[in-house]
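The structure appears below as structure tokens.
4 protein chains.
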Amino acid sequence: MKAKITEHSIRLFEQKGFTETSIQDIVDSIGATKGTFYYYFSSKEQLLMDIHMDYITKLLEKQKAILSENASCKAKLHALVLMLLESIKTEKAKALIFFREIKNLSGEKLELILQKREAFRLGVEKLIREGIEIGEFAEHLDANLTSFAILGMVNWSYQWFNPEGRKSAAEVAELFMDIVLHGIEKA
Amino acid sequence: MKAKITEHSIRLFEQKGFTETSIQDIVDSIGATKGTFYYYFSSKEQLLMDIHMDYITKLLEKQKAILSENASCKAKLHALVLMLLESIKTEKAKALIFFREIKNLSGEKLELILQKREAFRLGVEKLIREGIEIGEFAEHLDANLTSFAILGMVNWSYQWFNPEGRKSAAEVAELFMDIVLHGIEKA
Amino acid sequence: MKAKITEHSIRLFEQKGFTETSIQDIVDSIGATKGTFYYYFSSKEQLLMDIHMDYITKLLEKQKAILSENASCKAKLHALVLMLLESIKTEKAKALIFFREIKNLSGEKLELILQKREAFRLGVEKLIREGIEIGEFAEHLDANLTSFAILGMVNWSYQWFNPEGRKSAAEVAELFMDIVLHGIEKA
Amino acid sequence: MKAKITEHSIRLFEQKGFTETSIQDIVDSIGATKGTFYYYFSSKEQLLMDIHMDYITKLLEKQKAILSENASCKAKLHALVLMLLESIKTEKAKALIFFREIKNLSGEKLELILQKREAFRLGVEKLIREGIEIGEFAEHLDANLTSFAILGMVNWSYQWFNPEGRKSAAEVAELFMDIVLHGIEKA
DNA sequence: GATGAATGAGTATTCATTCAT
DNA sequence: AATGAATGAATACTCATTCAT
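Chains as they are written, first to last, in our numbering: chain F, 12 to 198; chain H, 12 to 198; chain L, 12 to 198; chain U, 12 to 198.
Okay, structure coming up:
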């Protein structure tokens, strides 16, 4: 039941937005009552928190797996970008909620999610720093800023990337990595 | 008075979010009454629309000026990136509202803003296409996707870029352009 | 200008109802401003009062003229019924407002209109009483109740009578008078 | 609780009118809160609809019972008139709301009530037509118009009929039927 | 585990009216 | 004679949350 509520919430939040979706909407969509909702969740914000937590936790796990592989920094970065685009593809609704509805978290909950988000970014930053140190990436780069640049490029795609469209996630990742690695200027 | 309402609204929307800011909050902040608000704006959404319209219109004007300059595509792209970062710097609140609160527009209003957003992106795409044609940018590039990549990188910065921080807008633009033009891979 | 406001108000009150029509609606319809309205009318209720007053005053004048004719009671009653139906025909909007929007008057204004309405009814009652006395109408009739019966029959027609429809005002008056004078039972 | 809200609403609508009665007035009168109101009714209009529906449904049932009696058309017509006057007597407030506040219904709701009202009138029209066919009523009558005449006479009485007054419902019915059947002209 | 009734604080919006100019 | 800015009180309606059963 808890899982059912979560699933339906995600769909509704994606379509109408968090604030615009009432608890009544949620329970109506699964034929339950509000009482039931509050049996499983202490508040509406808690439900949103759960969704965020679930998403970022999985992302961090996948990141950890990728970073601990025995591969070049370049290859790891490519894997990360692809993983993020795949996430947007397979969990479009969750990704959208993760980026769009974070402002509806507050206090400790918000703090916790922001920490995990930052941890993810630091993972990228660390990868870039390593790449610079071992001579894979250019030495003049600002690792911090570069992580923001790459994550911006990738994260923004939740706004326009259509998994059913002209390009697959793998193709977009390929093209993004080409730009990130070699730039757009004619050699 | 209309300008005063708009200014205060922007500050409040930035801090608390559009939905979370009530008309009462707005008029309280300037010592007016709700009646006064509705004398100047037909609805809360109309106020948000005005803010969006103002922001995107100015952006389009600046883009137009840049694109009609007599300069290389590279220089124009740099100018565009810098202009966007400057916008985020000088009009941080408006930029944030522009990216974060668009979902609170609906119907024709939304349509109109989306059109203008797309027009801006098409300006970037066209510039890249031109650069490819005249041999400034690599010929294998997908102009469409590249425009999304660059705009993602830049737009995302409203989420983290702090104009009072370690790096100025010009410096960030410089670093972004370095990545965009040459990539991060060690030559 | 005063007449113009009144005319347009009548049309709007007829279509949307008194409460549902705002002063803004009224002044918009003639391209004036609210200030102008209050230059000519002390309140919205006063405007409604004027409309009522105008309507009932004309009705009373016409009634007076009919009652002072040199004719049989039967003929006078017929003339009265016809006059009322003609009023509904030529001044449909005013008639409708007169019957439907009276509840929006209050205090002295209401009192005054109710007095005039009652004066009109008493005119009918008096006519019936005379008719009974001089032997034109059945002696067992209750003049008071009969006046209510006849006025009900006629006044109610503002709810269904369509001057452009199958029957003209004169024809309806004819048929009503037939029922009123002879009843519907087969002789 | 739903019944309680309905009862109190009827009393308030009767006294102050539908538009002039706020939800706050209603819930204050029974010591409940607005939330409670909206737990039972989806809107203020829905409450009005319920009241209308209840009234007209009962009227139609009673009409059906009367029309299916084994009696003369004359007797049935008398029974109908009496029934309506009794309704106005015992459910004065509902009757008043039914006639006065119908304009506050709109869309499908209005349509439905108007249909039922028309069904009631058609019942009367049919009765008159039958009476004409079997020779109880004068053959030259227009059944349609006659139904409007009789219903006007009776319905209008909600405006003046006082059940505690000089005449009882039965007496008024008697006098109305005398006029309707035999007319007022001296034989 | 689940329900249904109740709450109360909050929200956008409307509008008749006033008044200085 | 007319305007336009401002008001403030009122209104229908929403919704997350509580709690006894």
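Note that the Cβ used here is the ideal one computed from N, Cα and C, for glycine as well.
The beta carbon of Met164(U) falls within 7 Å of a beta carbon belonging to chain L, placing the residue at that interface. For Asn81(H), there is no enclosing alpha helix (DSSP H), since its DSSP letter is neither H nor E.
A contact is defined here as three or more CB-CB pairs under 8 Å, and the stretch 56 to 69 of chain L fails this definition with respect to the stretch 79 to 88 of chain L. When beta bridges are read from the DSSP output, Glu196(U) appears opposite Phe148(L).
By the Cβ rule, the stretch 37 to 52 of chain H does not count as touching the stretch 109 to 125 of chain H, because fewer than three pairs are nearer than 8 Å.
Counted as a single uninterrupted DSSP element, the alpha helix (DSSP H) harbouring Thr17(H) occupies residues Lys13 to Lys27.
For Glu196(F), the nearest CB of chain H lies under 7 Å from its own CB, placing it at the interface with that chain. For Ala130(U), no chain L residue has a Cβ inside 9 Å of its Cβ, as the nearest lies near 15 Å away. DSSP, reduced to helix, strand and coil, places Asn173(L) outside both helices and strands of the structure shown, so it counts as coil.
By the beta-carbon neighbour count (other beta carbons within 10 angstroms, threshold 16), Trp171(F) is exposed.
By alpha-carbon distance to Phe159(L), the top candidate from Glu147(U), Val183(U) and Lys137(U) is Val183(U). With respect to the C-alpha of Glu144(U), the residue from Ser40(L), Glu196(L) and Met64(L) having the closest C-alpha is Glu196(L). Secondary structure of Asp153(H) (DSSP, three-state): coil. Between His89(U) and Met164(U), the gap from beta carbon to beta carbon reaches 7 Å or more. For Thr30(L), there is no enclosing alpha helix (DSSP H), as DSSP marks it with neither H nor E. Closer than 7 Å to the CB of Leu91(U) there is not a single CB belonging to chain L. For Leu107(H), the uninterrupted alpha helix (DSSP H) segment begins and ends at Lys103 to Arg111. Taking the Cα of Thr101(F) as reference, the smallest distance to any Cα among Lys27(F), His151(F) and Asn173(F) is reached at Asn173(F). Residues of chain L with a Cβ closer than 8 Å to the Cβ of Ser168(U) are, in chain order, Phe159 and Gly163. Residues of the stretch 137 to 155 of chain F with a Cβ closer than 9 Å to any Cβ of chain H, in chain order: Ile139, Gly142, Ile143, Gly146, Glu147, Phe148, Ala149, Glu150, His151, Leu152, Asp153 and Asn155.
Take Ile41(H), set aside five residues on each side of it, and the residues of its chain with a beta-carbon closer than 6 Å to its own are Lys15 and His19, in chain order. Within chain H, the residues placing a beta-carbon under 8 Å from that of Gly28(F) are Lys114, ordered along the chain. The C-beta distance from Glu136(H) to Ala154(H) rounds to 5 Å, short enough to fall under 8 Å. If the five residues before and after Lys13(L) are omitted, its C-beta is found closer than 7 Å to the C-beta atoms of Tyr51, all from its own chain and listed in chain order. Comparing C-alpha distances from Glu72(F) to each of Ala181(F), Val191(F), Met94(F) and Ile62(F) shows the shortest one belongs to Met94(F).
By the C-beta density criterion, Leu138(L) is buried, having at least 16 other C-beta atoms within 10 angstroms.
For Leu192(H), the chain F residues whose Cβ falls inside 7 Å of its Cβ are Gly194, Ile195 and Glu196, in order along the chain. Distance from the CA atom of Lys85(U) to the CA atom of Glu147(U), rounded to whole angstroms, is 7 Å.
The C-beta distance from Leu152(L) to Lys178(U) rounds to 13 Å, too long to meet the 8 Å contact threshold. Ala181(F) is classed as exposed because its beta carbon has fewer than 16 other beta carbons within 10 Å across all chains shown.
Across the set Lys69(F), Gly194(F) and Leu96(F), the C-alpha of Lys69(F) shows the shortest separation from the C-alpha of Lys127(F).
When C-alpha distances from Leu133(H) are compared across Leu186(H), Glu97(H), Ser117(H) and Leu91(H), the shortest belongs to Leu91(H).
When DSSP states are grouped into helix, strand and coil, Thr68(H) belongs to the helix group. Residue contact with chain F for Phe187(H): present (Cβ-Cβ distance below 7 Å to some residue of chain F).
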